[in-house]
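Numbering (the working numbering), first residue to last: 166 to 476. Don't be surprised by glycine CBs; every beta carbon is placed ideally from N, CA and C. Since we're looking at a predicted model, the values are computed, not measured. Reading through the structure tokens given below for one structure.
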């Protein structure tokens, strides 16, 4: 069973990032056909909160002390409110290409914050893996960009997307022990509830002014995909991975997102697979592998103890 846990965690994180790779073009399309970034982030947070409360009725109930509930509320600020609000609104005013480039900064933030907060060592293998994946992701994005595929980016949107990555990296590093303490549904139920309470007072008037009858069924389907799959399902998958994997390992899977975008564009005939794409794919996968195989603080402490025992 223990041997299956890491495999399940890696598979969960890969799937989550694959779906997030689809979210940028799908969400962007919805936000250019009747909805705004404020509308989308409200639907994401409130919709997921509702889904997690419903799901929690079918799993074992956990009793949390008030202190941990409040800490989950704080985790929701960094993991959801600052992260989702900044990214979704940033995506609405910049291009999917630019937002994809900016997301590659998250593993770097996570590696640095894990070193500062969790005292995780920055090994040569870990740093090399992060930079290798970063290089591969950038190659994928830049060689796939075409003039007619997106509007020109906006520095305000780019900065919002970057702050979203920093916020999520901080969440991964700061709240990792708390997340491991409770089930996926308990954690997400409270995080999304606090996030909904935090943003709804500021967005309710905006959302209530949406001309619902004028929004096309396609836009509602795209919104449903973002809420149900890219939020509800992806946060379940991410939490499962986070309970087993280190923050830097979780974050390095971010490089899968542009990889998925390129594969989808090739399969749908919107793009052509180039030799540079093959190089980029290899860089991403080997980057992920190096970070995964790098030693954690626990591994290094265990190795030092074994050395002392032999002397």
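To the nearest angstrom, how far is it from the Cα of residue i to the Cα of residue j?
| i | j | result |
| --- | --- | --- |
| residue 516 | residue 238 | It is not possible to answer for residue 516, since the shown part of the chain is limited to 166 through 476. |
| residue 248 | residue 203 | 13 Å |
| residue 172 | residue 276 | 22 Å |
| residue 223 | residue 278 | 36 Å |
| residue 415 | residue 288 | 17 Å |
| residue 125 | residue 367 | Outside the displayed range of the chain (166 to 476) lies residue 125, so it cannot be described from this structure. |
| residue 389 | residue 175 | 26 Å |
| residue 352 | residue 344 | 7 Å |
| residue 252 | residue 440 | 31 Å |
| residue 270 | residue 401 | 23 Å |
| residue 432 | residue 184 | 16 Å |
| residue 381 | residue 290 | 49 Å |
| residue 285 | residue 335 | 14 Å |
| residue 342 | residue 299 | 27 Å |
| residue 373 | residue 419 | 34 Å |
| residue 301 | residue 376 | 42 Å |
| residue 398 | residue 281 | 30 Å |
| residue 314 | residue 407 | Its pLDDT being 44, under 50, residue 314 is placed unreliably by the model, and nothing is read from it. |
| residue 326 | residue 245 | 13 Å |
| residue 292 | residue 231 | 38 Å |
| residue 348 | residue 412 | 18 Å |
| residue 312 | residue 259 | Model confidence at residue 312 stands at a pLDDT of 39, short of 50, so the residue's coordinates are unreliable and nothing is read from them. |
| residue 428 | residue 228 | 44 Å |
| residue 198 | residue 371 | 16 Å |
| residue 445 | residue 455 | 15 Å |
| residue 447 | residue 221 | 40 Å |
Can you tell which of the options has its C-alpha closest to the C-alpha of residue i?
| i | options | result |
| --- | --- | --- |
| residue 138 | 417, 424 and 422 | With the chain covering only 166 through 476, there is no way to say anything about residue 138. |
| residue 234 | 346, 376 and 420 | 346 |
| residue 322 | 356, 178 and 267 | 267 |
| residue 191 | 303, 394 and 401 | 394 |
| residue 423 | 189, 176 and 371 | 189 |
| residue 364 | 241, 444, 396 and 278 | 241 |
| residue 449 | 406, 432 and 425 | 425 |
| residue 340 | 178, 372, 236 and 177 | 236 |
| residue 355 | 270, 219 and 177 | 219 |
| residue 329 | 373, 250 and 320 | 250 |
| residue 443 | 232, 304 and 391 | 304 |
| residue 243 | 359, 181, 292 and 445 | 359 |
| residue 181 | 259, 320, 232 and 405 | 405 |
| residue 254 | 232, 292, 272 and 320 | 320 |
| residue 333 | 379, 272, 292 and 378 | 272 |
On the premise that residue j lies in contact with residue i, defined as a C-beta separation below 8 Å, what is that separation, rounded to the nearest angstrom?
| i | j | result |
| --- | --- | --- |
| residue 256 | residue 170 | Wrong, their Cβ atoms sit about 33 Å apart, outside the cutoff. |
| residue 297 | residue 452 | 4 Å |
| residue 384 | residue 200 | 6 Å |
| residue 210 | residue 361 | 5 Å |
| residue 283 | residue 338 | 6 Å |
| residue 214 | residue 357 | 4 Å |
| residue 212 | residue 396 | 7 Å |
| residue 195 | residue 391 | 7 Å |
| residue 369 | residue 331 | With a Cβ gap of about 28 Å, residue 369 and residue 331 do not count as contacting. |
| residue 410 | residue 178 | 7 Å |
Can you confirm whether residue i, when its beta carbon is compared against all beta carbons of chain B, has any partner nearer than 8 Å?
| i | result |
| --- | --- |
| residue 335 | In summary, chain B is missing from the structure at hand, where a single protein chain is found. |
(message) Which complete alpha helix (DSSP H) runs does the region 384–436 hold, if anything under 4 residues is left out?
(response) Listed in chain order, they are 399–407, 412–417 and 421–432.
(message) At 4 residues or longer, what runs of the alpha helix (DSSP H) sit wholly inside the region 221–269?
(response) Whole alpha helix (DSSP H) segments, 4+ residues: 231–241, 247–258 and 261–268.
(request) Kindly provide the ranges of any alpha helix (DSSP H) runs that are 4 or more residues long and lie completely inside the region 281–369, ordered along the chain. (result) The region 281–369 contains these whole alpha helix (DSSP H) runs: 289–309, 320–339 and 341–346.
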